[in-house]
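Numbering (UniProt numbering), first residue to last: 1 to 197. By construction, the Cβ of each residue, glycine as well, lies at the ideal position given by its N, Cα and C atoms.
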Ligand code: 5GP
Ligand code: MG
Ligand code: MG
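Put into structure tokens, the structure is as follows:
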């Protein structure tokens, strides 16, 4: 277990599981795209580790660039997405693959679609390492998903809690406060041990 600021986090997804998921995604994307040279667009800050590890597994020539958006405050997603660094190159006619660390509500993804609407790209594909289906509120298709996770806050592998945790090579899940129900397990001596008549 680790502590960042005021919260505790428990190990959730190992570096090896992440590696496997990225390898699968790289193979799938490469075989879908064929011989075309795609442009991978990472969404900073969270996706820097995903992009770095993913492109090392991509078996064919590709280009890599970044845009920088921000939506999260503490442990909650907000609808107010700030565009901090936009597109700096002409992507018309290109096959663009967005590389996201995680898709939660989909608000950030909606902003990505707004950004690319007028770019005349040939195709826009969405790839994300993590996806929270219970939290997703949009209809945009997610073309490549690494690992589906429950709607709980995670840190590590690029994802932060108020600035901390991005450097962790694996992923941790927030530890929610213990409920009273956990305590009822302690009954009188012998209780709950299966000693039936
Ligand atoms: P969305 O806009 O889909 O709600 O959230 C997208 C962004 O919010 C992600 O790129 C990421 O930066 C942040 N985010 C969403 N879920 C989590 C989470 O569980 N942990 C952390 N640390 N950031 C998250
Ligand atoms: Mg992100
Ligand atoms: Mg964040």
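Three-way DSSP call (helix, strand, coil) for residue i in this model
i	result
residue 182	Reliability of the predicted coordinates at residue 182 is poor, the pLDDT of 47 falling under 50, and the value obtained from them is presented with this limitation in mind. Three-state result, residue 182: helix.
residue 52	helix
residue 5	coil
residue 250	Residue 250 is absent from the structure shown; the chain starts at 1 and stops at 197.
residue 191	Annotation note: pLDDT 46 at residue 191 (below 50); position unreliable, coordinate value reported separately. It is coil, neither helix nor strand.
residue 31	helix
residue 149	coil
residue 19	helix
Cut-off 6 angstroms between Cβ atoms - residues of its own chain near residue i, not counting five sequence neighbours on either side
i	result
residue 124	96, 116
residue 185	Only weak support exists for where residue 185 lies, its pLDDT of 48 falling under 50; the value from the coordinates is given anyway. Nothing meets the Cβ criterion.
residue 165	4, 155, 156
Cβ pair residue i, residue j closer than 8 angstroms
i	j	result
residue 13	residue 147	yes
residue 174	residue 9	yes
residue 58	residue 110	no
residue 46	residue 81	no
residue 135	residue 177	no
Sequence-distant residues of its chain with Cβ nearer than 8 angstroms to residue i (five each side left out)
i	result
residue 6	none
residue 53	18, 19, 22
Range covered by the alpha helix (DSSP H) that runs through residue i
i	result
residue 115	107-116
Reference residue i; option with closest CA among the options
i	options	result
residue 160	85, 112, 74, 150	74
residue 16	175, 176, 171	171
residue 48	177, 168, 175, 176	168
residue 149	129, 139, 85, 143	129
residue 200	107, 76, 136, 66	Past the edges of the chain, shown from 1 to 197, lies residue 200, and the structure says nothing about it.
residue 99	89, 133, 143, 153	143
residue 32	71, 60, 152	60
Segment limits, beta strand (DSSP E) that includes residue i
i	result
residue 99	95-103
residue 125	123-131
Cβ-based neighbour list, residue i, same chain, cut-off 7 angstroms, excluding 5 preceding and 5 following
i	result
residue 113	140
Any chain D beta carbon closer than 8 angstroms to residue i
i	result
residue 156	Reference to chain D is not applicable here, since this structure consists of a single protein chain.
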